[in-house]
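First comes the structure, then the notes that go with it.
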Amino acid sequence: MATVNLSDYKPLHITNAEDFSIGIVFSEWNDFVTYNLRDAALEILEKEGVKKENIRLFPVPGAFELNYASMQLCKERKYDAIISIGCVIRGETPHFDYVCSAVAQGIKDCNILTDTPTIFCVLTDDTKEQSIARSGGDLGNKGVEAAVTALRMIDFKKNLSDKKGNIGFGHS
23 MATVNLSDYK PLHITNAEDF SIGIVFSEWN DFVTYNLRDA ALEILEKEGV KKENIRLFPV
83 PGAFELNYAS MQLCKERKYD AIISIGCVIR GETPHFDYVC SAVAQGIKDC NILTDTPTIF
143 CVLTDDTKEQ SIARSGGDLG NKGVEAAVTA LRMIDFKKNL SDKKGNIGFG HS
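So for the sequence shown, the working numbering puts the first residue at 23; every next one is plus one.
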């Protein structure tokens with residue numbers, strides 16, 4: 023179990039975040055979790071300077087559908103990053119294992135087969151209580167971490183083409 027509050031983060035101070043375009047794909051299954059993750063990601067992106075009109079939301083029925091939607095958005099090449107949000111809670115059958123594995127592989131494929139960073143924000147918990155703890159409960163909100171990761175990966179990618187090659191946020 024995580025021991026840090028995921029909502030604790032240091033502002034990134036990215037100077038050009040207002041130009042970033044981000045797609046957020048989120049599962050409507052387990053919406054008591056995924057909507058909290060989505061809202062936390064939105065809040066951080068806006069706090070960091072991403073314009074609200076540059077953030078597009080794409081609901082999908084369940085976690086398994088995140089792969090298709092994320093890959094289609096990557097292929098459009100309109101977004102600097104995609105955040106894929108879902109929640110799979112273990113049940114009594116191996117369905118959990120198949121879905122979690124497929125979703126992880128699908129998001130991985132977006133990252134290696136396209137040029138768009140795709141952020142894995144899919145909770146794969148044993149219990150409903152664990153998911154609640156990670157989506158705004160005792161352990162913070164994993165959506166915060168996903169938004170920060172998206173911004174850092176966009177900045178990383180943009181700095182790769184920078185002739186100076188300086189990657190980072192003013193950190194040494």
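Just so you know, even glycine gets a beta-carbon here, dropped at the ideal spot from N, CA and C. None of the values given here were measured: they were computed from a predicted structure.
Asked                                                                                                                                    : Found
Measure the Cβ-Cβ separation of Ala22 and Asn163 and say whether it is below 7 angstroms.                                                : Since the first residue of the chain shown is 23 and the last is 194, residue 22 is not available in this structure.
Out of Thr149, Cys96, Asp160, which one is the CA nearest neighbour of Pro139?                                                           : Cys96
Just checking, does the segment 111 to 118 make contact with the segment 71 to 85 on the three C-beta pairs under 8 angstroms criterion? : no
Alpha carbon to alpha carbon, how far is Leu64 from Tyr90? Give it in angstroms, no decimals.                                            : 22 angstroms
CB-CB under 7 angstroms to Phe118, same chain, minus the five flanking residues each way: which ones, in chain order?                    : Val110, Arg112
Output yes or no for whether 7 angstroms exceeds the beta carbon distance between Leu161 and Ala168.                                     : no
Should Gly192 go down as buried or exposed, given a rule of 16 or more other Cβ atoms within 10 Å for buried?                            : Residue placement at Gly192 is flagged as unreliable, the pLDDT there being 49, under the threshold of 50; a coordinate-derived value is accordingly withheld.
Under 7 angstroms between the Cβ atoms of Tyr31 and Val170?                                                                              : yes
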